[in-house]
Amino acid sequence: MVSKGAAMGSASAKEGWSSRSAFILAAVGAAVGLGNIWRFPTLAGENGGGAFVLVYVAFVALLGLPLVLAEIATGRIGQTDAVGSVRDVARRSNASTGWSITATLGTIGAFLILSFYSVVAGWVLYYAGVMGGELVSAIGRGDPLGGAFAGENNEQIQSRLGALLGNWPLLLGLHAAFMGVTWFVVSRGVHSGIEKAATILMPIFFFLLIGITIYGAFAGNFSEATAFLFTADFSKLTPQVINEALGQALFSLSLGVAGLITYGSYIKQSGGLGGTAATIALADTGVALLAGLMIFPIVFGASLDPAGGPTLVFQALPVAFQTMPGGALIGFLFFLLIFVAALTSSVSLLEVPTAWGKGELKWSRHTSATIFGLGAFGLGVFALLGYNVLSDVRPLGFWGIFENADILDTIDGFTGKIMLPVGVMILSIFIGWKADRKMMQAATGLSGGMFKLWRFLIAWLCPIAVGLVLLFGLFPGLLG
Ligand code: PFF
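In structure tokens:
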């Protein structure tokens with residue numbers, strides 16, 4: 062154990078995780094977020110369920126897991142911010158330091174994602190408040206296990222989202238509150254901020270997730286939900302669906318934004334990383350599937366449309382919470398659950414540019430977190446104005462695939478469909494072909510056969526598969 066004085070004595074004392082399990086918890090916290098609970102069920106619902114889920118799981122196993130390991134190992138070698146870490150691996154391998162462009166792209170990507178992530182998390186905060194109010198009034202009626210929104214019809218319940226999106230001062234306040242909490246955690250540092258938040262919040266998260274899933278299985282239509290999620294209709298598989306599944310797999314595992322390189326750089330402990338990477342990928346995918354099994358029984362139980370799109374969670378579920386027994390309580394816990402998941406993820410998003418400012422510009426953690434937190438907040442303001450004051454703006458409207466995308470959707474689509482895939486493609490070519498093999502084997506801790514398999518997936522499968530998906534996803538015309 063390092064004495065307090067030694068650990069905190071000098072500003073340059075390297076920050077780090079206090080144990081392997083602290084790292085795993087923080088990395089799972091980064092991976093599990095809005096992507097799992099809001100985006101995954103939405104995309105699965107829109108893209109026909111089973112076939113999307115199957116492609117998604119295949120991408121996680123064959124590309125995601127090897128990439129998680131590649132990112133963590135890179136950070137572990139570099140022991141500094143993501144750009145510096147890739148540069149360090151390049152130097153030690155006698156390769157061009159220009160390969161660090163992958164981490165530069167990733168750092169910009171993390172900043173861009175944070176801007177809209179915080180806006181959506183603000184909606185979650187609002188609904189947690191609304192459901193909290195419903196719970197209080199149910200208790201006031203002497204019926205704490207009653208439903209929410211007593212006496213309202215479906216339209217009234219669903220109109221809350223439209224009213225929220227039209228109210229920019231409210232959106233601004235919620236966005237500011239969420240970004241403020243994120244900034245607070247990151248400012249406090251790796252050990253007393255990020256690690257502490259993950260250690261407190263992740264157990265709460267898992268407890269709520271399992272509890273609500275069990276509840277939904279009894280109170281909702283579980284069999285229809287499992288049939289929807291696990292029966293594959295391959296006629297639903299288009300290049301766009303495949304592109305969407307890849308983008309979602311990368312986004313959900315926090316890949317391509319240098320997040321895991323950054324978190325990996327705080328690993329001080331020795332020992333192999335294969336099991337650690339597998340735990341992170343498994344936990345993240347497990348939570349996405351569980352979130353599907355939590356949400357769709359409720360959706361089908363209330364005869365709602367699974368293809369409801371981004372508003373599924375915010376409009377469909379509240380309707381279900383009206384009729385379900387214990388609806389007010391479950392609704393409140395549900396939005397609390399998403400809030401907790403979003404926070405541990407936004408913290409990792411802000412940590413990427415914060416570490417960059419520290420490592421590359423020699424700023425203090427506090428200064429760096431403040432500058433990037435404020436910057437992402439500012440950009441997020443445009444995203445939220447895109448629902449009201451700037452609702453006519455289509456930032457990349459000249460580009461077919463972004464034709465109808467408002468500001469938030471444009472940032473989301475551009476990062477997820479383009480920046481993350483391009484980032485991991487460059488990373489996999491670099492790690493697979495340029496990085497010193499002995500050094501990578503030592504950093505990953507994989508034994509002979511496993512190392513060969515990993516290197517094959519990184520060197521061949523990742524660049525080719527991601528390249529093809531990008532090509533056909535962005536230029537659907539190529540398939541005629
Ligand atoms: N993985 C997060 C989610 O699924 O919500 C989003 C995310 C967090 C992406 C952190 C990237 C990142 F660095």
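To convert, count from 1 in the sequence shown and add 61; that's our numbering. Note that CB positions come from ideal geometry on N, CA and C, so glycine has one too. Bear in mind that the values here come from a model prediction, so they are computed numbers and not experimental data.
- Task: Measure the C-alpha to C-alpha separation of residue 287 and residue 294 and round it to an integer number of angstroms.
- Result: For the purposes of this step, residue 287 is taken as the residue at position 226 of the sequence shown. For the purposes of this step, residue 294 is taken as the residue at position 233 of the sequence shown. If you take the alpha carbons of residue 287 and residue 294, they lie about 14 Å apart.
- Task: Using three-state DSSP, classify residue 249 as helix, strand or coil.
- Result: Residue mapping note: residue 249 aligns to position 188 of the sequence shown, counting from 1. In the structure shown, residue 249 sits in coil (DSSP, three-state: anything other than H, G, I, E or B).
- On a CA-only basis, which of 229, 373 and 335 is nearest residue 446? Give me that one, please. Within the sequence shown, numbered from 1, the residue matching residue 446 stands at position 385. The option with the nearest alpha carbon to residue 446 is 229.
- DSSP three-state assignment for residue 255, whether helix, strand or coil: Reading the sequence shown from its first residue, position 194 is the one you call residue 255. For residue 255, the three-state secondary structure derived from DSSP is helix.
- Minimum C-alpha distance to residue 332 - residue among 139, 86, 506 and 132: Here residue 332 refers to the residue found at position 271 when the sequence shown is read from its first residue. Here the closest residue by C-alpha is 506.
- What are the complete alpha helix (DSSP H) segments, minimum 4 residues, inside the segment 202-233? 215-227
- Query: In whole angstroms, what separates the C-alpha of residue 372 from that of residue 411?
  - Reply: Residue mapping note: residue 372 aligns to position 311 of the sequence shown, counting from 1. Residue mapping note: residue 411 aligns to position 350 of the sequence shown, counting from 1. When rounded, the distance between both Cα atoms is 26 Å.
- Expected contact under 8 Å - CB spacing of residue 387 and residue 206 to nearest Å: As a working mapping, residue 387 is identified with position 326 in the sequence shown. As a working mapping, residue 206 is identified with position 145 in the sequence shown. 5 Å between Cβ atoms; contact.
- residue 342 burial status per 10 Å Cβ neighbour count (16 or more: buried): Here residue 342 refers to the residue found at position 281 when the sequence shown is read from its first residue. Buried, since its Cβ has 16 or more Cβ neighbours within 10 Å.
- Query: What are the boundary residues of the alpha helix (DSSP H) that residue 543 is part of?
  - Reply: One cannot answer for residue 543 here, as it falls past the ends of the chain, which runs 62 to 541.
- Is residue 344 near the ligand MN, in the sense that its beta carbon is under 7 Å from a heavy atom of that ligand? Although the ligand MN was asked about, the structure shown includes only the ligand PFF as ligands.
- Task: Can you tell me the Cβ-Cβ gap for residue 273 and residue 355, rounded? I've got them flagged as a contact below 8 Å.
- Result: Your numbering for residue 273 matches position 212 in the sequence shown. Your numbering for residue 355 matches position 294 in the sequence shown. 5 Å between Cβ atoms; contact.
- Query: Taking Cβ to Cβ, would you say residue 442 is nearer than 8 Å to residue 173?
  - Reply: The count along the sequence shown starts at 1 and reaches residue 442 at position 381. The count along the sequence shown starts at 1 and reaches residue 173 at position 112. For residue 442 and residue 173, no; Cβs fall outside 8 Å.
- Taking 7 Å as the cut-off, is the CB of residue 241 close to at least one heavy atom of the ligand PFF? On the sequence shown, position 180 is the one that residue 241 refers to. Using a cutoff of 7 Å, the CB of residue 241 does not count as near the ligand PFF, since none of the ligand's heavy atoms is closer than that.
- Message: Does residue 254 pass the burial test, meaning 16 or more other C-beta atoms within 10 Å, or should it be called exposed?
- Response: To locate residue 254, count along the sequence shown from 1; it is residue 193. When all chains shown are included, residue 254 counts as buried.
- Item | Contact set for residue 404: own chain, Cβ-Cβ below 8 Å, skip 5 residues either direction | Sequence index remark: in the sequence shown, residue 404 carries index 343 (1-based). A distance below 8 Å between beta-carbons, with the five flanking residues on each side excluded, links residue 404 to the following residues of its chain, in chain order: 182, 239, 242, 243, 246, 258 and 262.
- By Cβ distance below 6 Å, which residues in the same chain neighbour residue 467 in space, the five residues on each side in sequence not counted? As a first step, residue 467 is located in the sequence shown; it is residue number 406 there, counting from the start. Hits under 6 Å: 447.
- Query: Going by beta carbon distance, what residues of the same chain come within less than 8 Å of residue 225, once the five residues before and after it are set aside?
  - Reply: Translated into the one-based positions of the sequence shown, residue 225 becomes position 164. Taken in chain order, the residues that qualify are 184, 187, 231 and 232.
- Item | Alpha-carbon spacing of residue 93 relative to residue 397, whole angstroms | Counted from its first residue, the sequence shown places residue 93 at position 32. Counted from its first residue, the sequence shown places residue 397 at position 336. Per the coordinates, the alpha-carbon of residue 93 lies some 14 Å from the alpha-carbon of residue 397.
- Message: What does the Cβ neighbour count give for residue 218, buried or exposed, with the cut at 16 atoms within 10 Å?
- Response: Reading the sequence shown from its first residue, position 157 is the one you call residue 218. Buried, because 16 or more other Cβ atoms sit within 10 Å of the Cβ of residue 218.
- Query: Out of 99, 86, 76 and 82, which has the shortest C-alpha to C-alpha gap to residue 395?
  - Reply: As a working mapping, residue 395 is identified with position 334 in the sequence shown. Selected option, being the one with the closest Cα: 99.
- For residue 515, does the count of other Cβ atoms within 10 angstroms reach 16, so buried, or fall short, so exposed? For the purposes of this step, residue 515 is taken as the residue at position 454 of the sequence shown. Result: buried.
- Run through DSSP, which three-state label would residue 302 get? Here residue 302 refers to the residue found at position 241 when the sequence shown is read from its first residue. The answer is helix: DSSP assigns residue 302 an H, G or I state.
- Relative to the ligand PFF, is the shortest distance from any of its heavy atoms to the C-beta of residue 361 smaller than 7 Å? The residue you call residue 361 lines up with position 300 of the sequence shown. No, the beta carbon of residue 361 sits no closer than 7 Å to any heavy atom of the ligand PFF.
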